Amino acid sequence: SFLRYERKDQAGNQNPLAFGKNETSIRRAYAWGRSVSARFIRDFIYHGANEDESHRQVFDAVCPYVAGGGRMFLNYEFARPVTSSQQHNDQLDPELFPFAYNVLRDPQTGKKDGIMKRPKTDPYVMHVQTSIEYRQKRGGLAHTDGKGKDVAVPEKVRIYLISSAPHRFAPGFIPKRYDSQNLTNPLPHGQVLRALMVAMDQWVCDGTPPPPSQIPRVKDHTLVPSDQKSTGFPNILGVRYTSLYNRQLFLDYGPNLLRGKIEVHPPEQIKNGEYKILITKVDADGNDLAGIRLPAIRVPLATYTGWNLWIEGLAEDELCGLFGSYVPFVRTKEERTKVADPRPSIEERYKDHADYVKKVSHAARALVD
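Residues 22 to 390 (our numbering) are what the sequence shown spells out, left to right.
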């Protein structure tokens, strides 16, 4: 707020971004955060910090990337701000309602709350998540009511799933087994983030609405329970499917939780209650049906998942951190028949390399158009 609006602080120190007599150089202010810092952005908005002491808006727009449905374990005694609740670890650290941007009724307490409840100063939001967040970070709660029903995405919010993408990626990342049963998901998706930043800027500066939210939904059967029959994941030799996900129980941390005091830990589950967590449905290849489907998913050479499993000796068959899986297709029909792989081989999908390149080009153009 100081850098955006003030020429000097209370001690008379000059704002380094101020120029002229009455202005600073900042016209628009955006915030982008990844994972922990993305959850911080959501908490920042929730606690009203996007409105300064003079009731001015701090950030015009924000992009929480791979936050899932969570906020921060921050304003509590003995808090651990960087902890990340996952299926196998830190599951009982507080990640509390509200999860959605809408003001909704909490299925646990019956009280109403939401991340965005200050219309004059709430920023535009581009909430971007991957397949991992639906399993490990309760991403579905960002756009459902906690009881398994869709909720409308607010007008100032867009939510995008990057289909079958991993929580972590880097250009040139080579799939490996990091103590995981399957090769790790390498799907790059930085190009989507760059395009969305341009769209966010146009949204703020020109009033040009960005593309509609691209998310799995209960109503079109692309947001489903985690069992294999519901998700439609194929039976692939050597790949163990799992229905595990990071549950969100109704938990009692004591009567003074909202005052920043955790007096019951480990917390006690309330009446065996929990929020309804749903995950993404997949196509016959095991890739996400909903969301922004990159050319690597529209014209695939492999299955990319939002989950992986630990190997024997390391919590075998539990979800392996924030790693996804990469399961390449076999090359020929003969190989596929030998291993009874239900996914068509590469030679069955594409006539030759030129045919593959042509289809990838068409898929990329379809995203641009």
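Each residue gets a CB set at the ideal place from its N, CA and C atoms; glycine is no exception.
Given the structure is predicted, the values throughout are model-derived calculations rather than measurements.
Look at residue 250 here: in three-state DSSP terms it is helix. DSSP links residue 53 through a beta bridge to 84. The DSSP-derived three-state label of residue 221 is helix. Contact check between the segment 206 to 216 and the segment 67 to 77: fewer than three CB pairs, one atom from each, fall below 8 Å, which does not count as touching.
If you look at residue 148, you'll find it in the beta strand (DSSP E) that goes 145 to 151. Between residue 188 and residue 153, the C-beta gap is smaller than 8 Å, which places the two residues in contact.
Scanning 45, 158 and 66 for the CA closest to the CA of residue 91 turns up 158.
Rounded to whole angstroms, residue 312 and residue 84 show a C-alpha spacing of 17 Å.
Residue range 270 to 273 is occupied by the beta strand (DSSP E) that includes residue 271. Segment contact: the segment 214 to 224 against the segment 340 to 348, fewer than three CB-CB distances shorter than 8 Å; contact not assigned. Here the alpha carbon of residue 314 sits roughly 30 Å from the alpha carbon of residue 65. By the Cβ test, the segment 155 to 175 is in contact with the segment 260 to 271, since at least three Cβ pairs between them sit closer than 8 Å. Here the alpha carbon of residue 63 sits roughly 21 Å from the alpha carbon of residue 300. In terms of CA proximity to residue 45, 22 leads the group 22, 190 and 255. By the 16-neighbour rule on beta-carbons within 10 angstroms, residue 144 is buried. Bounds of the alpha helix (DSSP H) holding residue 382 are 374 to 389. Rounded to whole angstroms, the separation of the alpha carbons of residue 347 and residue 204 is 5 Å. The alpha-carbon separation between residue 126 and residue 224 amounts to approximately 30 Å.
Counting along the chain, no alpha helix (DSSP H) covers residue 260, and no H or E run does either. Residue 347 is bridged by DSSP to 204 and 325. Between the segment 318 to 334 and the segment 253 to 264 there are three or more inter-stretch CB-CB distances shorter than 8 Å, so the stretches are counted as touching. The C-beta separation of residue 282 from residue 116 comes to about 17 Å, leaving the pair out of contact by the 8 Å criterion.
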